[in-house]
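Undergrad:
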Amino acid sequence: MNGMYGNIADKSAACRNAARMLRSSGRLVVSHPEGRAFVDQLRAACDLFIESLPTKEEFVGLLVPLGLEVIAYRDEPKLYLMVARKR
241 MNGMYGNIAD KSAACRNAAR MLRSSGRLVV SHPEGRAFVD QLRAACDLFI
291 ESLPTKEEFV GLLVPLGLEV IAYRDEPKLY LMVARKR
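For what it's worth, the numbering used here labels the leading residue of the sequence shown as 241, then goes sequentially.
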């Protein structure tokens, strides 16, 4: 999910569906090439449905019950990246 996670209305359902489709050891990647600050600026500047990108703790809380383990997380000025692996 590159550059679009903030636009998903039902993130729980989207992650549940992704987890269902992944094979064992498969990976779910959520990324944004401009980072969290860009997404937050976009949210403030327009009326579109956009939510901020999750913290690592928020992703862990969402994904662990689905059998996914967060194995990489980077929240840098120009890069947001989360990688989870199906157990």
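Where a beta carbon is used, it is the ideal one built from N, C-alpha and C, also for glycine.
Can you grab the Cα-Cα spacing for the pair residue 267 / residue 324, in whole Å?
TA: Taking the sequence shown and counting its residues from 1, the one referred to as residue 267 is at position 27. Taking the sequence shown and counting its residues from 1, the one referred to as residue 324 is at position 84. When rounded, the distance between both Cα atoms is 5 Å.
Undergrad: Count the other CB atoms within 10 Å of the CB of residue 293; is the residue buried (16 or more) or exposed (fewer)?
TA: The count along the sequence shown starts at 1 and reaches residue 293 at position 53. So residue 293 ends up on the buried side.
Undergrad: Quick one: what does DSSP say residue 318 is sitting in, helix, strand or coil?
TA: The residue given as residue 318 occupies position 78 in the sequence shown. Residue 318: coil per DSSP, three-state reduction.
Undergrad: Report the rounded CA-to-CA distance for residue 275 versus residue 261, giving the unit in angstroms.
TA: In the sequence shown, residue 275 corresponds to position 35, counting from 1. In the sequence shown, residue 261 corresponds to position 21, counting from 1. Answer to the nearest angstrom: the Cα atoms are 27 Å apart.
Undergrad: Buried or exposed: residue 299, going by 16 or more other Cβ atoms within 10 Å of its Cβ?
TA: In the sequence shown, counting from the first residue as 1, residue 299 sits at position 59. When all chains shown are included, residue 299 counts as buried.
Undergrad: Which residue comes first and which comes last in the beta strand (DSSP E) that contains residue 292?
TA: Against the sequence shown, residue 292 aligns to sequence position 52. Unbroken run through residue 292: none, as it is neither H nor E.
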